[in-house]
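Per our numbering: the sequence shown = residues -19 to 64.
Where a beta carbon is used, it is the ideal one built from N, C-alpha and C, also for glycine.
It should be emphasised that the depicted structure is a prediction, and the values quoted were computed from it without experimental measurement.
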Amino acid sequence: MALGKDGSSLTAELNRLAGTTGKAQQGAANTYASSTGLGVVAALNYKASAVRQPSEYKGLNAICNELASTTGKSAVAALRSINV
């Protein structure tokens, strides 16, 4: 299990969480969420709750904080704090 690295990009963190390397943000987010064809924010909202409706989707920072059980962090900082 490991945390993300300081200075890593959002793309790198999504790939780390997805267990992939070299995917674009959208592809990594969908792999992490076990979804297909969704945008980054939609995939992360799906990961948090598969029954959440698009009208209830949280923004990027908020959904990353929800997934990480953190508050007030930037999206990438929140994802870095997830131990996988």
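Contacts around residue i, its chain only, beta-carbon distance under 7 Å, and the 5 residues preceding and following it disregarded
{"i": "residue 51", "result": "45"}
{"i": "residue 6", "result": "19, 20"}
Local conformation of residue i per DSSP, three classes
{"i": "residue 43", "result": "helix"}
{"i": "residue 37", "result": "coil"}
{"i": "residue 30", "result": "coil"}
{"i": "residue -18", "result": "coil"}
{"i": "residue 4", "result": "coil"}
{"i": "residue 56", "result": "helix"}
{"i": "residue -6", "result": "helix"}
Neighbourhood of residue i by C-beta, 8 Å cutoff - its chain only, sequence neighbours within 5 removed
{"i": "residue -14", "result": "60"}
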